[in-house]
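All letters in the sequence shown, in the order written, are residues 7 to 507 by our numbering. Virtual Cβ for every residue (Gly too), placed ideally from N, Cα, C. Here the structure is a predicted model, which is why all the values come from computation and not from measurement. This report concerns only the one structure given below.
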Amino acid sequence: MRLEMNKIVMEFGPVRAVDHVDLTVEPGQILGLLGENGAGKSTLMNVLAGVYTPVSGKILVNGQETVMKGVRTANACGIRFIHQELNLCNDLRVYENMFLGDELSKSKVFLDRAAMTAKCAEVFRRMKVNIDPEAIVDTLSAAEKQMVEIGRALLFRSELIIMDEPSTALATAEIENLFEIMRQLKSEGVSFIYISHKMPELFEICDVYYILCDGKLVAHGNFADINEEQVTEMMIGHNLHASEFENHVSRATEEVRLSVKNLSSGILKDITFDLHQGEILAVTGLQGSGRDTLADVLFGVESFTGEMVVEGAVMPNRAGDRSVRRFMRHKVGMVPRMRPERGIHNDLSVQDNLSMGYLNARAKTPFISARAEAERFARQQKAMAIKVGSPRNPITSLSGGNQQKVILGKWLETDADILLLDNPTQGIDVGTKFEIYRLILRLAEAGKAVIVFSAEFPEIRNVADSCIVLYKGMCNARLSREDLTEKNIMYYSTGANLEGL
7 MRLEMNKIVM EFGPVRAVDH VDLTVEPGQI LGLLGENGAG KSTLMNVLAG VYTPVSGKIL
67 VNGQETVMKG VRTANACGIR FIHQELNLCN DLRVYENMFL GDELSKSKVF LDRAAMTAKC
127 AEVFRRMKVN IDPEAIVDTL SAAEKQMVEI GRALLFRSEL IIMDEPSTAL ATAEIENLFE
187 IMRQLKSEGV SFIYISHKMP ELFEICDVYY ILCDGKLVAH GNFADINEEQ VTEMMIGHNL
247 HASEFENHVS RATEEVRLSV KNLSSGILKD ITFDLHQGEI LAVTGLQGSG RDTLADVLFG
307 VESFTGEMVV EGAVMPNRAG DRSVRRFMRH KVGMVPRMRP ERGIHNDLSV QDNLSMGYLN
367 ARAKTPFISA RAEAERFARQ QKAMAIKVGS PRNPITSLSG GNQQKVILGK WLETDADILL
427 LDNPTQGIDV GTKFEIYRLI LRLAEAGKAV IVFSAEFPEI RNVADSCIVL YKGMCNARLS
487 REDLTEKNIM YYSTGANLEG L
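Here it is, written out as structure tokens:
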């Protein structure tokens, strides 16, 4: 299928989100769509997928002008959109989600459960993933849910698949498997539009690039003719230099803010470390190393054995709302991974989301002051450079980067002394990433103690004083700043030092 978008314009009130954009996808082509958060990428794709009706412009499918009256029209044209925010019903089974709206039936009354289950199993075999079609979606991991979304697009013969940050929750092996599937489908004539902020992925899998900035198309061409530095410069309008983080100065003092001794939970075994005032500690490890579990334990979300002391107070080892509140009241804040599912309240406004931490951790009365809420928002909007039309707009109207800034601002309003940042730049463009790195360094300079959970070496190198490397639930190494190299992290992440023991 050959697809053309000509002079597409999309507006939300006075805001022009997409400004006369042209885009062409050839059969069997993988197009990389790039741009900062808020550049208009998702909006443009929502126009193509029939979610939004453009103000003006045309969409041509195989040379024929087509009006996308809704998602069903786009699906009928062979266009499927795998959104960054997972669109799954957690209470339904996997096969029910896969066929939702397109159920198979034996008659006009009865659904053909066996046929749907069999077709799902066939797709998963093709994808080389082990997911039970009968499983309840809520029991799946984030990575498995992402594979279900991808499987749903493959279940029905699609000619153009749009993928918005599909690798966010996937491990390296799963990403490689996804790329293998994409290459196979490409050889069969299927086209892709691939949205990602991960440059290595884009250069590995994509043929051509289109770059948006402030809703406008600023460049397009072949990936073979360009490098990462040039792409970044076109995206943000100027060059970024990671070298600004090379002259790293630790702000850590002797004062211990968090002390963990012989902590065990699930896969975790006897984790022991201290976190000091002004220190930035990174925690890394491969998928399944226990990194996610440790982040949750340190905020009271998961039960544990052992001892955890926050500024002299022994913390409860039972999980639950009361435990989380106690952590919050002892000035621990957490920016969670999987922002759409765990970080924001989709039905609330930007301002209400920003106030949630304060209201739960510090509010002394059951009454909410509209004036105080407005002051909190204005303070953090200025500090974090949050781009928003109105604080009363829904949080979902913001780009991913601006949502992340709101979440960070929420915890800063609680005056948290210990900040747990779990994948803090997940799904965020390179320009905003650097803003967040600078913010993390400023927080340490102000005396905050910070733990950054991340699998990205450049991120760890840019901010960390030291790094704990997890392997199969145990602390395999704690690397000093001087020893922080990608080679060393991979060495201990894979347990290479333990071979033969």
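Own chain, CB closer than 8 Å to residue i, minus 5 neighbours either side, in chain order
i: Asp298; result: Arg343, Asp428, Phe459
i: Ile232; result: Tyr215
i: Glu451; result: Arg257, Gly284
i: Ser355; result: Pro397, Arg398, Asn399, Pro400, Ile401
i: Thr123; result: Tyr101, Pro139, Glu140
8 Å contact criterion, which residue i and residue j should meet: CB distance rounded
i: Glu165; j: Ser197; result: 7 Å
i: Ala301; j: His282; result: Ala301 to His282, Cβ: 19 Å. No contact.
i: Cys219; j: Gly395; result: Not a contact, Cβ separation roughly 19 Å.
i: Thr420; j: Tyr364; result: 6 Å
i: Val469; j: Leu447; result: 6 Å
i: Ile88; j: Asp144; result: Going by Cβ atoms, the distance from Ile88 to Asp144 rounds to 20 Å, so no, they are not a contact pair.
i: Lys337; j: Asp423; result: 4 Å
i: Leu110; j: Ala127; result: At roughly 14 Å, the Cβ-Cβ gap does not stay under 8 Å, so Leu110 and Ala127 are not in contact.
i: Leu414; j: Leu445; result: 7 Å
i: Met362; j: Phe305; result: Going by Cβ atoms, the distance from Met362 to Phe305 rounds to 15 Å, so no, they are not a contact pair.
i: Lys267; j: Glu313; result: 5 Å
Counted within 10 angstroms of its Cβ, other Cβ atoms place residue i as buried (16 or more) or exposed
i: Leu504; result: exposed
i: Pro206; result: exposed
i: Asp435; result: buried
i: Glu465; result: buried
i: Ser202; result: buried
i: Phe116; result: exposed
i: Asn52; result: buried
i: Cys473; result: buried
Residues near residue i in its chain [Cβ-Cβ closer than 6 Å; skip 5 each side]
i: Leu37; result: Val31, Ile199, Val214
i: Gly272; result: Thr299
i: Met480; result: Lys275
i: Asn359; result: Ile350, His351, Ile401, Val412
i: Met104; result: Cys126, Arg158, Leu161
i: Ala177; result: Gln293
Three-state class that DSSP yields for residue i in the structure shown
i: Tyr58; result: coil
i: Ala450; result: helix
i: Gln70; result: strand
i: Gly407; result: helix
i: Asn503; result: helix
i: Pro400; result: strand
i: Asn482; result: strand
i: Met11; result: strand
i: Ala380; result: helix
i: Val115; result: coil
i: Met334; result: helix
i: Cys473; result: strand
i: Leu37; result: strand
i: Ile187; result: helix
i: Leu360; result: helix
i: Asp423; result: coil
i: Lys64; result: strand
Other residues of its chain near residue i: CB distance less than 7 Å, five sequence neighbours each side excluded
i: Val475; result: Thr290, Gly291, Asn482, Ala483, Leu485, Ile495, Tyr498, Ser499
i: Ala148; result: Ala175, Met344
i: Ile211; result: Ile36, Phe185, Met188, Tyr200
i: Asn43; result: Ser405, Gly406, Gly407, Asn408, Ile434, Asp435, Thr438
i: Gly56; result: Met74, Lys75, Gly76, Val77, Thr79, Ala80
i: Phe130; result: Ile137, Gly157
i: Ala23; result: Met16, Glu17, Gly46, Thr49, Gly221
i: Ala325; result: Gly306, Val307, Glu308, Ser309
i: Glu150; result: Ile137
i: Glu261; result: His282, Gln283
i: Val135; result: Met153
Within-7 Å CB hit, residue i to chain B
i: Ile424; result: Absence of chain B from the displayed structure is noted, only one protein chain being present.
Ordered list of alpha helix (DSSP H) runs contained in the stretch 235-317, each at least 4 residues: 297-303
Segments of 4+ residues assigned as alpha helix (DSSP H) that fall wholly inside the stretch 196-230: The DSSP assignment places 205-211 as complete runs of the alpha helix (DSSP H) inside the stretch 196-230, in order along the chain (cut-off: 4 residues).
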